[in-house]
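Encoded as structure tokens, the structure appears first; notes follow it.
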Ligand SMILES: [Zn+2]
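Residue numbers (the numbering used here): 90 to 546.
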């Protein structure tokens, strides 16, 4: 009797799970081969102005853009009504597998909780117009597969896999009495604590075996951890090179969590191509960044005084953030002077309401520092360039972040002009005081890979 109950109960569960899956598959089969969007003003991700025209999508690619694009037989026509059409947004530093405060992920969430939280976060990014994310550390391989198969809503994901950190480094998030084998975050594949070249090689190779598109390592201290001051150098040059050699053998790159110029010189000299955060950069390190074509991926909210009001930060973390703020100098002025490659990122983690608020604040705050056009460029064409740095490990063949012939069909149609008003794509200057997030009504259409995930036209 008991077993029958279990079978019936589990059948019901399976059916409940499979029903939306079947619907999603059906939607995919019904995707028309041609979609023509008429009467839109196009922000192409590159130019600082809108160009009126039409956009033709064939399958998952943009086939034509311009004023005189003809309507193919059988095309589904969407009348843009004079609205703005722009590339889907790209967020270059997210953590889908950190769906709660880090300490909670380590000690209170089962792997199933993490996976379900990731799913909510992924859907949240997509429905806010982010059609692509670079996951900067965590086990997102499973959710990525389901999203890519069209079975769950979410953005394209460029996974870094387990975040590679030394013992006592930024992502060694165990409490003081835990030993290496006791880390839950390590067991579920969110982090890999490695010491010495052989352990770094194992972690790097394991990530690529799981189909990481790039690696992420910690080469210096950070604010979200308890035991490593921000000024510390993490990993030796040999250990950094072990990760870089592995990534280069897979024809892709290593990105690093990094703050200080001292760490930047070592990382740059040993082949790291992406600096995440990078707030303490000085002129000398900036020159090297520009010379080597290294990408900077700062979450600008990390420099905001508002960050000190973040309720999940403890006294140790707050003290570290004050240190960074005190030493950061004029980061924005340095960026404007040297014009390095720089892309959009929010580095949000936590429950979905927290993540929502942070990514919308990041858009608004960044626009207040760099202007709307530059913020949009960083979140579209510039970010697309970073995605392409994965070379043959790119999970999605095609160009991202631009509206042009041959690019992947990821786009938004929005009311108003985001070049004039960043709030039409959700940008706001309210962070912790913001009301509970609601869907962004001015985003009217969300298309990813030629498929429509929202259409309120
Ligand atoms: Zn991060």
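Where is the CB? At the ideal position from N, CA and C, for every residue including glycine.
As the structure is a prediction and not an experimental result, all values here were calculated from the model.
Close beta carbons around residue i, own chain, < 8 Å, minus the five adjacent residues each side
i	result
residue 150	487, 495, 496, 497, 498, 539
residue 251	226, 227, 228, 275, 278, 279, 280, 281, 292, 295, 296
residue 129	141, 142, 143, 144, 169, 171, 172, 173, 174, 502
Buried or exposed by the 16-neighbour rule on C-beta atoms within 10 Å, applied to residue i
i	result
residue 396	buried
residue 166	exposed
residue 415	exposed
residue 62	Nothing about residue 62 can be reported from this structure: the residues present for the chain run from 90 to 546 only.
residue 372	exposed
residue 551	Outside the displayed range of the chain (90 to 546) lies residue 551, so it cannot be described from this structure.
residue 116	In this predicted model, residue 116 has a pLDDT of only 48, less than 50, meaning its place in the structure is not dependable; the value taken from the coordinates is given anyway. Exposed, by the Cβ-count rule.
residue 465	buried
residue 398	exposed
residue 234	exposed
residue 160	exposed
residue 94	Note that residue 94 scores a pLDDT of 40, beneath 50, so its modelled location is shaky; the value from the coordinates is reported in the next line. Classification for residue 94: exposed.
residue 112	The predicted position of residue 112 is uncertain, since its pLDDT is 46 and thus under 50; a value taken from the coordinates is nonetheless stated next. With fewer than 16 other Cβ atoms within 10 Å, it is exposed.
residue 213	buried
residue 241	buried
residue 177	buried
residue 528	exposed
residue 455	buried
residue 546	exposed
residue 344	buried
residue 530	exposed
residue 304	buried
Whole-angstrom distance between residue j and residue i, CA atom to CA atom
i	j	result
residue 315	residue 405	6 Å
residue 550	residue 171	One cannot answer for residue 550 here, as it falls past the ends of the chain, which runs 90 to 546.
residue 310	residue 522	29 Å
residue 317	residue 351	16 Å
residue 206	residue 187	8 Å
residue 407	residue 346	18 Å
residue 223	residue 267	30 Å
residue 218	residue 174	12 Å
residue 463	residue 265	43 Å
residue 476	residue 247	8 Å
residue 382	residue 333	16 Å
residue 192	residue 185	15 Å
residue 204	residue 127	39 Å
residue 262	residue 386	22 Å
residue 362	residue 445	29 Å
residue 403	residue 394	16 Å
residue 506	residue 542	21 Å
residue 114	residue 380	Only weak support is given to the placement of residue 114: the predicted model assigns it a pLDDT of 47, under 50, and the question is left unresolved by the model.
residue 136	residue 513	19 Å
Beta-carbon contacts of residue i that lie in its chain and below 6 Å, excluding the five residues immediately before and after
i	result
residue 273	195
residue 221	179, 244, 245, 489
residue 297	339
residue 471	432
residue 124	146, 165
residue 436	182, 388
residue 547	What the structure shows of the chain is the stretch from 90 to 546, and residue 547 is not part of that stretch, so it cannot be assessed.
residue 430	384
Own chain residues within Cβ distance below 7 Å of residue i, not counting five before or after
i	result
residue 190	401, 439
residue 321	309, 310
residue 148	122, 539
residue 392	368, 414, 417, 420
residue 324	255, 306, 308
residue 153	145, 494
residue 424	431
Below 8 Å, how does it come out for the segment 255-263 and the segment 322-329: are there three or more Cβ pairs, yes or no? yes
Taking three-plus beta-carbon pairs below 8 Å as touching, is the segment 355-373 in contact with the segment 282-293? no
Hey, is the segment 439-454 in contact with the segment 511-528, meaning 3+ C-beta pairs nearer than 8 Å? yes
Chain-ordered list of residues that sit, by beta carbon, closer than 6 Å to a heavy atom of ligand 1: 182, 184, 225, 436
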